[in-house]
Every structure is written in structure tokens, then in C-alpha cells.
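Student: Shown below is the structure under consideration.
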Amino acid sequence: MISLALDGALGAFSAALADDRGLLAQRREDGKRALELGLAAVASLMREARVGHEQITRIAVGIGPGGFTGLRIAISYAKALSLAWRIPLVPISSFDMLEGDAPSDRALAVVAGRPGIIYARFRDGRNETRAGGTTAEVLGRLALPEGRIPVFGAPEDALAVLAERGIDVECIPAPTYPAAVAALIARVREAPAQSHAIRPDYGELPAAKIPRLS
Amino acid sequence: MLLLGIETSCDDTATALVRDGRHVLASVSTDQDAFHAKYGGIVPEIASRQHVALLSAAVEDALARAKLALEEVDGIAVTCGPGLIGSLVVGVASAKALAFALEKPLYGVNHLHGHIFAAFLDRAEPQYPFLALLVSGGHSQVVRVESPTRMEILGRTKDDAAGEAYDKTARLLGLPYPGGPELDLLAQRGDPRAHAFPRHRPDRGTLDLSFSGLKTSVRYFLESEDGKRAKKEDVAASFQAAVVDVLIARVAAAFAQRDYAAVVLSGGVAANSALQAALREWSARNGVEALIPPPQYCTDNAAMIAAAAYYQRDAAIVDPLTLSADPNLSFSLSSRGRA
């Protein structure tokens, strides 16, 4: 089994290939140039790993939350590749990519959104709580327990609020190649029956501006 | 030559399969009016989200309707601008990935060129040169078309586009979104001579347009005592008569400057019944062929994008996989470094 993964939600655009034994190759491009350079990255990745599309058995894509534009570009690429090559598409949450392919029992994963906004997921065993909004609001809503908490992703403002509240944290930075994590996770995830049904997780409702008469 | 067209420049998620630039085998368009109606206009972020949700299914739907497989397509044509950036990137990213995966050529198409080539769909290619009157919610232009790759803007709006004026006036009249078609329907029951709204006159020697003053005039009228007593259908008909007069006057002025083989009406406002009637009447009176696409090709659609790519393919307009989206893409072909 070979999985190709793409992500554009976590800052940069990244792409990776993995097989049953582990990672085969990975690429990273400036998130602002995901539209121009993303496919070239995928092409060079496949060349480097000497993998043809007929060998790929699964495509994974980061579905957010995270940067809206990069997210849309990566999902558009992934849906089109899935359609053209007739390969199942597996959605992977940004929170899962932050936590890695071997997550611990308790984890707080934090994604930076637009300035001042974060999206967070707190997992404690089988219980899971998500929230999005300003850093203070989100960390207040999650009702974190006492004791040391591993914080994945960990934007600086989130760490500052956690420190203010006296919460003991262990910081694990976001992976340099989020798609590499997605490629590894995808090996053991089922794909939904319809790749069309895969939707981005924007983490918040759109900020709608009401058109005005001028 | 079979092209898959993709159009996501605004709020229509559209795909089409077109053979040899004219024969539409399938054309799918999923408008998002229901999502934008409560805001009274298009919300770019919502439009972009809907494109991500709908586009791949729209490609598959077009293939199913045409009873074709993706591998049978000879190339991918996509709108790369102008338009809403959040919407354009979804279409461009999807088209590039399809071209890469299928190892087929990618054709980036100017949305405005697409509207002009809508007149070629399901009919014979018109003679050159022809005059195109391109009127939509975002654009109002008078264009001389010498060949598929040689076009010149003779006049353009200095402020609001014709469709924009329609939508804003429709809101003043309390009509639901999208207001243009609603205003057209209302106007059909009114008297176009009931109120004398102003007609913009261009500077000498230009074919430029302006609709902002007209819209403001309607607004002031509706706020006046006379306006409060006026019948809405008469206001709509009088407003529409002013728009149509201005547009037909520009066509007449263009033909006075030089001869054309035909006049093409395109863009969303081309579906307007009064404008179509006026252009047909003017054309018949002047012995000019008027080409007006059927309603489904007046509004944004992907068949016109595939048609434009087909007719412009000889100018070596094949794009690399680094093709980007340009929300302000110039009408000029050379604006993107092309021949």
C-alpha cells in the first residue's frame, strides 16, 4: 500500500508519500505559493520516490482547521487526483496531523487561525472536546484538567494564556511536513465511499459582509 | 477535440464537455443563490466554500450526462480570471490537478473571453470582425473582435456594470436577490415612458458607459413624494428603458465608426428580455446579424470556457502547471505574457 498525502492547512503546503514500511519522500512549499508550486511538488515527489500513480492506493488530505486558502487548494488538488486516478480519498484532521501517527491518551492540539483566533481539540481518553475562537475563550471553554498536558502545535499566544492560568504543559511543535504524518495515518484509515462528500473543516462560520448600496 | 471546461469565477460551480468548441455534450451549473439570498448579494467566502464542496461532483455529473470517461477528454480549460480570488483558486487548482493526473494540456481562459465565445455554442462560428456587447454583473464592455485572439475594448463602464445597476436598483425596489431577473419580470408589466431617467452620454469619440448616475437618479426619485406614489412596475420599466437605450446607442455608435459582420450580445444581462428585443429590432432595422446565446449560456457557464480554449488554442495558449489565478486579469491576452 502506498499513500500520497497533501496538506495546505497548517501554514505551508506539504506533500508526502508513504508505504507500509514508512515514509518514502516529502516536500514542502511556501503556503502562499501552494497554487503555483503545489503540483510541481507532487510531481517531483513521485519522481524522487519512483512511484507512478498506478502504484498509489490511497490519497490523504488535510481537511483543517487551518488557513482557508491553503486548505481549499490542497483539497481541490486531492479531490481531482482522486477522481482522475480513481483512488480513494481519506480526510485527515489538522488535529490528528499535529498529534502524529502515535497519539498519547491525553493531548491538547492547537491550530492558529486568523490573527487572534485558534482552533483547539482536547482529548482525554475517549472524550474529545473542540472549540474555536479567541485564545482566551477557547482555552476557557475546554475546561482543562489538572496535571501535565502535552500541547501539540502550540502557537505562542496559546502557550502564554496557558502559562497565565498556571497549567503545566509539555510543548510539541507542529510537524515540518504535516502531510508526512497524514500519509502515515492514511495507511490505517478507511476512506469514505464518496470523495465528493469530503468537506473542509473551517472551524468557524464565514465572516459574511452584507453587500451595501454605494 | 473534446475539452472539459471548468468555471468558478463567481458563485456558479460549472463544468461542461464541449467538442470542437461548439458542440455542447453536457453543461452543468450549480448556482448558489439559495446560500447568498439572505445576504442580498454574493458573499465571497461562502461562494468559495461551495465550490470546494461541489466541483468534483459537477465534473463527474458532466461526464455522466455526456456518457464519457475522463480519459476521453483532450484537455482541461479553466477560468483563471478575472473574478473572486477565493472562487478562482478552487477551479484553477482542480483543473491543474486533472491536467496533471490525465497528462492533458491545461488552458487558462479569461472569463470575459469566455462570454464572447458563448455566442459560438451550438451554432456556426460567426464571421469576423464582429462587435461584442458584453454586459454582466461585473462587466460592461463594447469589444471589437478581429479574431479569436485579437480583441480590443472600444468602451467600458466607468463605474457600475449594467448588471450591478440592475441588482442595486432591484434592491431599491425591494425585489429579492438576484434582482436583475426579478426587475426584468416586473418591468414587463410597467410603462417604460412613465418616468424619464437620465441616459449617460459618453465623451466625444469614446464608447464608454456609466450606470451609477442612473441608479442614483432612481434612488432619489423613490425617496421623493412622486416616487413614493409611483408604481414599482413603471419605475422598473423606465429604469430598464434607460439601460437599454444606453447600450443600444453604443452599439449604433460602434457600427457608425466601422462595419462589422455581426453583433454578439453576451454576459448575464444578455438574458434580459428588453435588451434582447431592442438589439434584435435594431439589428433587423440595420441589416446586421444579431447573435444572442440561449439563456443558459448568457449567465456564467463552463461551456463558454471550453469554447474559448478551443478557438484560442492555435495561439499556443497552453498553460503550465504553475498557472495561477488572477482576480484582476486584464482583458488583453498579452497580460499574462502570452502571444
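Those protein sequences? They're chains A and B, same order as listed.
The first sequence lines up with residues 8 to 221 when you count with the working numbering.
The second sequence lines up with residues -13 to 325 when you count with the working numbering.
Here a beta-carbon is modelled for each residue, glycine too, at the ideal position from N, C-alpha and C.
Note that the coordinates shown come from a computational prediction; the quantities given were computed from them, not determined experimentally.
Below 8 Å on C-beta distance, what does I70(A) contact in chain B?
Tutor: The contacting residues do not exist; I70(A) stays about 10 Å from chain B at best.
Student: For S320(B), which residues in the same chain have their Cβ closer than 6 Å to its Cβ, ignoring the five residues on either side in sequence?
Tutor: At S320(B) the pLDDT is 38, less than 50, meaning the model places this residue with poor confidence and gives no usable figure here.
Student: With a threshold of 9 Å between beta-carbons, can V49(A) be considered close to chain B, or not?
Tutor: Yes - at least one Cβ of chain B is within 9 Å of the one on V49(A).
Student: Using a threshold of 9 Å, state whether the C-beta atoms of R65(A) and L11(A) are closer than that.
Tutor: Yes.
Student: Does the region 143 to 161 of chain B come within contact of the region 199 to 213 of chain B, defined as at least 3 CB pairs closer than 8 Å?
Tutor: With a cut-off of 8 Å, the region 199 to 213 of chain B and the region 143 to 161 of chain B count as touching, because enough Cβ pairs lie within range.
Student: Determine the contact status of G71(A) and S101(A), defining contact as a CB-CB distance below 9 Å.
Tutor: Yes, the pair counts as a contact, with Cβ atoms nearer than the cut-off.
Student: Please state whether the Cβ-Cβ distance between L193(B) and L261(B) is less than 9 Å.
Tutor: Taking 9 Å as the Cβ cut-off, L193(B) and L261(B) do not qualify as a contacting pair.
Student: Determine which residues of the region 72 to 85 of chain A have a Cβ less than 9 Å from any Cβ of chain B, and write them out in chain order.
Tutor: Residues passing the 9 Å Cβ filter: F75, T76, L78, R79, I80, A81, I82, S83, Y84 and A85.
Student: Using beta-carbon positions only, say whether Y163(B) and A23(B) come within less than 9 Å of one another.
Tutor: Against a cut-off of 9 Å, the Cβ pair of A23(B) and Y163(B) comes out as a contact.
Student: In the structure shown, what three-state DSSP assignment does C(-4)(B) receive?
Tutor: Here C(-4)(B) sits in coil by DSSP.
Student: Should F207(B) be flagged as near chain A, meaning a C-beta pair shorter than 9 Å?
Tutor: So no, F207(B) is outside the interface.
Student: How is Y93(B) classed by DSSP in three states: helix, strand or coil?
Tutor: Strand.
Student: Which class does P162(B) belong to by DSSP, given the choice of helix, strand or coil?
Tutor: Coil at P162(B), not helix or strand.
Student: Report yes or no: is there a C-beta of chain A within less than 9 Å of the C-beta of E46(B)?
Tutor: Taking Cβ atoms only, chain A reaches closer than 9 Å to E46(B), which makes this a yes.
Student: Going by C-alpha distance, which of V75(B), F86(B), V95(B) and V59(B) is nearest L329(B)?
Tutor: The requested residue 329(B) does not occur in the structure, where chain B is confined to residues -13 to 325.
Student: Specify the secondary structure class of R148(A) as computed by DSSP and reduced to three states.
Tutor: If DSSP states are grouped into helix, strand and coil, R148(A) belongs with the helices.
Student: Given A20(B), which residues of its chain have a CB within under 7 Å of its CB, disregarding the five upstream and five downstream residues?
Tutor: Within the same chain, A20(B) has no close Cβ partners at all.
Student: Using a 10 Å radius around the Cβ and a threshold of 16 neighbouring Cβ atoms, would you call A186(A) buried or exposed?
Tutor: Buried, by the Cβ-count rule.
Student: Compare the C-alpha of D6(B) against each of A235(B), D312(B) and R299(B) and name the closest.
Tutor: Minimum Cα distance to D6(B) is reached at R299(B).
Student: Tell me whether R299(A) sits in a helix, a strand or coil according to DSSP, three-state version.
Tutor: Outside the shown range of chain A (8 to 221) lies residue 299(A), about which nothing can therefore be said.
Student: Can the beta-carbon of L195(B) be found closer than 9 Å to that of H186(B)?
Tutor: In contact: L195(B) and H186(B) (Cβ atoms closer than 9 Å).
Student: Answer yes or no: do P98(A) and A67(A) have a C-beta to C-beta separation smaller than 9 Å?
Tutor: Against a cut-off of 9 Å, the Cβ pair of A67(A) and P98(A) comes out as a contact.
Student: Restricting to Cα atoms, I'd like to know which of S13(B), E58(B) and E132(B) is closest to P115(B).
Tutor: The option with the nearest alpha carbon to P115(B) is E132(B).
Student: Please list the segments of the alpha helix (DSSP H) lying wholly inside the region 62 to 94 of chain B, counting only runs of 4 or more residues, in order along the chain.
Tutor: Qualifying alpha helix (DSSP H) stretches, in chain order: 71 to 88.
Student: Could you give the DSSP three-state label for L277(B): helix, strand or coil?
Tutor: In this structure, L277(B) counts as strand in the three-state DSSP scheme.
Student: Kindly give me the distance between the Cβ atoms of V237(B) and L265(B), rounded to whole angstroms, as I take these residues to be in contact under 8 Å.
Tutor: About 7 Å separates the two Cβ atoms, so the contact holds.
Student: List, in order along the chain, the chain C residues whose C-beta lies closer than 9 Å to that of R206(A)?
Tutor: Among the chains of the structure shown, chain C does not appear; the protein chains present are A and B.
Student: Which residues of the region 73 to 103 of chain B have a Cβ closer than 7 Å to any Cβ of chain A? Give them in chain order.
Tutor: So the list reads V75, V76, V78, A79, S80, K82, A83, L84, F86, A87 and L88, given in the order they occur along the chain.
Student: In chain B, which residues lie less than 7 Å from E43(A) when you measure between Cβ atoms?
Tutor: The answer, in chain order, is T308 and S310.
Student: Given this structure, state the Cα-to-Cα distance separating H125(B) from R142(B), to the nearest angstrom.
Tutor: The alpha-carbon atoms of H125(B) and R142(B) are separated by roughly 8 Å.
Student: Give the list of continuous beta strand (DSSP E) stretches no shorter than 3 residues that lie fully inside the region 26 to 50 of chain A.
Tutor: Complete beta strand (DSSP E) runs here, min 3: 29 to 36.
Student: Quick one: does A12(A) have its CB under 9 Å from some CB of chain B?
Tutor: Chain B contact via Cβ: absent.
Student: Is the region -13 to 5 of chain B touching the region 72 to 92 of chain B in the sense that three or more CB pairs, one from each, lie closer than 8 Å?
Tutor: With the cut-off at 8 Å, the region 72 to 92 of chain B and the region -13 to 5 of chain B touch.
Student: Say whether chain B places a C-beta atom closer than 9 Å to the C-beta of A23(A).
Tutor: False, the Cβ-Cβ gap to chain B never drops below 9 Å.
Student: Does the beta carbon of S42(B) sit closer than 9 Å to a beta carbon anywhere in chain A?
Tutor: Chain A contact via Cβ: present.
Student: For L159(B), would you say it is in contact with chain A, using Cβ-to-Cβ distances shorter than 9 Å as the test?
Tutor: Not one chain A Cβ lies under 9 Å of L159(B).
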